[in-house]
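What follows is a short report on a single structure.
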Amino acid sequence: MSPIGKTRPTGRDRLRDSVLAGDLSFLLARANALTLAAANAALAEHGLKARSYSVLALAADDVRPTQRELAEFLRLDPSQVVALVDGLEKRQLVERQTDPADRRANVLVATDAGRALFAQAQESARAVELGLLAAVTPQDHERLAQLLRLLAFPD
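Once you know that position 68 of the sequence shown is 68 in full-length UniProt numbering, the rest is easy, because the numbers rise by one and skip nothing.
Structure (structure tokens):
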């Protein structure tokens with residue numbers, strides 16, 4: 001019995017009932033950690049991790065991002081983006097091309113091999129997402145995505 005006469009839960013339930021489990025920042029961080037671990041495991045069969053998959057996804061989407069745009073959008077240090085692009089380029093999945101709008105900058109474009117790998121990896125990523133959200137209705141899934149977009153892109 002606790003000091004106020006109530007029986008306290010034990011084990012994991014004890015922590016799930018803690019004040020921290022009601023903290024939105026903690027819940028977002030924990031959900032992120034769980035989804036990243038699952039995504040990285042699924043993407044490993046394609047030789048990718050969540051970050052390299054994200055770079056490849058944007059390159060394959062024909063948005064032709066610069067490395068600076070990638071760093072800002074993915075919230076990574078520019079040196080991290082350079083390393084990710086170098087790794088994908090070494091595997092001939094992406095290539096840097098001169099930006100026609102600014103010849104001082106390079107844009108990232110997926111190669112045919114990169115597009116093919118992205119299509120396969122995207123299936124794996126979607127399967128993980130559906131598995132993690134199996135207990136969530138399709139309507140709640142869409143609402144969650146809307147709410148996360150509001151948080152991720154506040155401007």
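For each residue, glycine too, the CB sits at the ideal point set by N, CA and C. Here the structure is a predicted model, which means the values were calculated and not measured.
If the criterion is Cβ atoms closer than 8 Å, does the pair Pro65 and Leu56 meet it? The residue labelled residue 65 in the question sits at position 65 within the sequence shown. The residue labelled residue 56 in the question sits at position 56 within the sequence shown. No.
Asp99 - containing beta strand (DSSP E), residue span: If you number the sequence shown from 1, residue 99 lands on position 99. First-last of the beta strand (DSSP E) with Asp99: Val94 to Asp99.
Would you call the region 114-130 and the region 29-49 touching, i.e. three or more CB-CB distances under 8 Å? Flag = yes, the region 114-130 and the region 29-49 touch.
So, helix, strand or coil for Asp77, using DSSP? Here residue 77 corresponds to residue number 77 of the sequence shown, with the count starting at 1. In this structure, Asp77 counts as coil in the three-state DSSP scheme.
Can you give the beta carbon distance from Ala42 to Ala125, rounded, assuming they're within the 8 Å contact cut? Taking the first residue of the sequence shown as 1, we reach residue 42 at position 42. Taking the first residue of the sequence shown as 1, we reach residue 125 at position 125. 7 Å between Cβ atoms; contact.
Whole angstroms is fine: what's the gap from residue 156's alpha carbon to Ala39's? With the chain running from 1 to 155 in the structure shown, residue 156 is simply not present.
Please determine, among Asn106, Ala110 and Phe26, the residue with the shortest C-alpha to C-alpha distance to Ser54. Here residue 54 corresponds to residue number 54 of the sequence shown, with the count starting at 1. Of the listed residues, the one whose Cα sits closest to Ser54 is Ala110.
Cβ-based neighbour list, Ser52, same chain, cut-off 7 Å, excluding 5 preceding and 5 following: Against the sequence shown, residue 52 aligns to sequence position 52. Around Ser52: Leu84, Gly87 and Leu88.
Uninterrupted alpha helix (DSSP H) stretches inside the UniProt domain "HTH marR-type" (21-153) (no shorter than 4 residues): 24-43, 50-60, 67-74, 78-90, 112-132 and 138-152
Option nearest Gln67 by Cα separation, candidates Asp61, Val136 and Asp77: Numbered from its first residue, the sequence shown carries residue 67 at position 67. When each option's Cα is compared against that of Gln67, the closest is Asp77.
By how many angstroms is the C-alpha of Leu20 removed from the C-alpha of Leu28? Translated into the one-based positions of the sequence shown, residue 28 becomes position 28. Translated into the one-based positions of the sequence shown, residue 20 becomes position 20. Whole-angstrom Cα-Cα distance: 12 Å.
Roughly how far, in whole angstroms, is the beta-carbon of Ala50 from the beta-carbon of Leu36, given that I think they are within contact range, below 8 Å? Residue numbering aside, residue 50 sits at position 50 when the sequence shown is read from its first letter. Residue numbering aside, residue 36 sits at position 36 when the sequence shown is read from its first letter. Between the beta-carbon of Ala50 and that of Leu36 there is about 5 Å, and that keeps the pair under the 8 Å contact cut.
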